[in-house]
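Chemist: Please see the structure below; I have some questions.
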């Protein structure tokens, strides 16, 4: 309830209430910690865990000694650490208000994540995949590729009423976003979405893509393996592991070199920080490739534009002066001709 209203959050965290999606994620993490701490340390109350126990717990998660229910190693352990830290700092703050000082046992926890592996497709590969998938999936994939929307959380909650300007814009509402609401332009898929909505006779309040992510991902893996083979993509993960969420990564790689502003790109993808952009830049080979020519363009562009403007203005003034001189010459010539005629007549 506190985090829902923005109460007792960490001093280093952003102020304000947390979204429903964020609250649900925290709730799931708390259930996970309560279950695993009970199982491993026989602790009924997670606030009773010691610093040594919690450090060892996350260390074993990273090493793969503590595994998921399906037997696979946990990916993104740093996110679990962040979840526990958020809880513990909230617990400290609430306890302090009650006059009880609680030690911070999270100081030595590592909340970083290794660079994730995922499936990368370039623009040609995306088009090739869309040519062979079922017709009902074509609009879905192109919509994610174009918008960069989070799947499934934001994707499955988009309604027909969220589209504007004849399906050339989509509004990702605040209540369905992990970070913040945004209204973005669709540059690649607007006609496909328009046709899809018409063919399926969807009404304004209907969800556009009420999919089952597991089913769609299973299908995508099968098709990607058939089209691209069971080999690693440029981002490290095999094509046969392609999921809907990969299309968000793929979308960013498509739009990154096309956006002039980093802040505009962050807005499109609903990011508050730039670290994701730096990762994709490195993947695309855009890191440390600036040349003296690029630097000249970036640094002196404004100055050059000023000079061009001044040159154009000077050119216009010169033209006006020449035009005025021509008019004066015509007048002088007229006077001279008149005098010449008069002198001739007098003679």
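In this note's numbering, the protein residues as written are 19 to 365. Backbone N, C-alpha and C fix where the C-beta goes; we use that ideal spot for every residue, glycine too. No experiment lies behind these values; they were computed from the predicted model shown.
Could you check whether residue 250 and residue 243 sit closer than 8 Å to each other, using their CB atoms as the reference points?
Modeler: No, the Cβ-Cβ distance between residue 243 and residue 250 is not below 8 Å.
Chemist: In the structure shown, what three-state DSSP assignment does residue 182 receive?
Modeler: Correct three-state label for residue 182: strand.
Chemist: Would you kindly report the start and end of the unbroken beta strand (DSSP E) that includes residue 202?
Modeler: Looking at the DSSP string, the run of the beta strand (DSSP E) that includes residue 202 is 200-203.
Chemist: If you count every other CB in all the chains shown that lies within 10 Å of the CB of residue 50, and 16 or more means buried, which is it?
Modeler: Its Cβ having fewer than 16 others within 10 Å, residue 50 is exposed.
Chemist: Could you check whether the region 273-286 touches the region 175-183, counting it as contact only if at least three pairs of C-beta atoms, one from each stretch, sit closer than 8 Å?
Modeler: At 8 Å Cβ cutoff, the stretches do not touch.
Chemist: Determine which residues share a DSSP beta bridge with residue 254 and list them.
Modeler: DSSP output for residue 254 lists 136 as bridge partner(s).
Chemist: Going by beta carbon distance, what residues of the same chain come within less than 8 Å of residue 222, once the five residues before and after it are set aside?
Modeler: Hits under 8 Å: 177, 178 and 179.
Chemist: What are the residues that DSSP puts in a beta bridge with residue 188?
Modeler: According to DSSP, which records beta bridges pairwise, residue 188 is partnered with 181 and 202.
Chemist: From the DSSP output, in three-state form, read off residue 316 for me.
Modeler: At residue 316, the pLDDT of 43 sits below 50, so the modelled position is not reliable and the matter cannot be decided from this model.
Chemist: Is it buried or exposed for residue 235, if we count other Cβ within 10 angstroms and need 16 for buried?
Modeler: Answer is buried; the Cβ neighbour count reaches 16.
Chemist: Pull up the distance between the alpha-carbon of residue 156 and that of residue 85, whole angstroms please.
Modeler: Taking the straight line joining both Cα atoms gives about 36 Å.
Chemist: Check whether the region 127-140 touches the region 164-172, counting contact only when three or more Cβ pairs, one atom from each stretch, lie closer than 8 Å.
Modeler: No, the region 127-140 is not in contact with the region 164-172.
Chemist: Anyone know if the C-beta pair for residue 283 and residue 268 falls short of 8 Å?
Modeler: No.
Chemist: Which term fits residue 335, buried or exposed, when burial requires 16 or more other beta carbons within 10 angstroms of its beta carbon?
Modeler: It is exposed - the Cβ of residue 335 has fewer than 16 other Cβ atoms within 10 Å.
Chemist: Quick check for students: name the residue ranges of the alpha helix (DSSP H) that lie wholly in the region 202-287, counting only runs of 4 or more.
Modeler: Fully enclosed alpha helix (DSSP H) runs of 4 or longer: 208-217, 231-246, 264-273 and 280-287.
Chemist: To which residues of the same chain is residue 91 closer than 7 Å at the C-beta, ignoring the five residues directly before and after it?
Modeler: Taken in chain order, the residues that qualify are 82 and 85.
Chemist: Are the beta-carbon atoms belonging to residue 290 and residue 197 less than 8 Å from one another?
Modeler: Closer than 8 Å, so yes.
Chemist: Bridge partners for residue 91 per DSSP, in chain order?
Modeler: Answer is 85.
Chemist: Excluding five sequence neighbours on each side, which residues of the same chain lie with their C-beta closer than 7 Å to the C-beta of residue 261?
Modeler: Once the five neighbours on either side are set aside, the close Cβ partners of residue 261 are 235 and 238.
Chemist: In this structure, how does DSSP classify residue 407 when only helix, strand and coil are distinguished?
Modeler: No statement about residue 407 is possible, as the shown extent of the chain runs from 19 to 365 and does not include it.
Chemist: Could you round the C-beta distance between residue 188 and residue 204 to whole angstroms and report it? I think they count as a contact, below 8 Å.
Modeler: About 6 Å; that satisfies the 8 Å criterion.
Chemist: Along the alpha helix (DSSP H) that carries residue 145, what are the first and last residues, could you check?
Modeler: From DSSP, the alpha helix (DSSP H) with residue 145 extends over 141-150.
Chemist: What is the rounded straight-line gap between the Cα of residue 62 and the Cα of residue 54?
Modeler: If you take the alpha carbons of residue 62 and residue 54, they lie about 10 Å apart.
Chemist: Using 10 angstroms around the beta-carbon of residue 350, count the other beta-carbons present and answer buried if the total reaches 16, otherwise exposed.
Modeler: Answer is exposed; the Cβ neighbour count stays below 16.
Chemist: Assign residue 259 to buried or exposed, taking buried as 16 or more other Cβ atoms, counted over all protein chains shown, within 10 Å of its Cβ.
Modeler: Classification of residue 259: buried, given that the 10 Å Cβ count is 16 or more.
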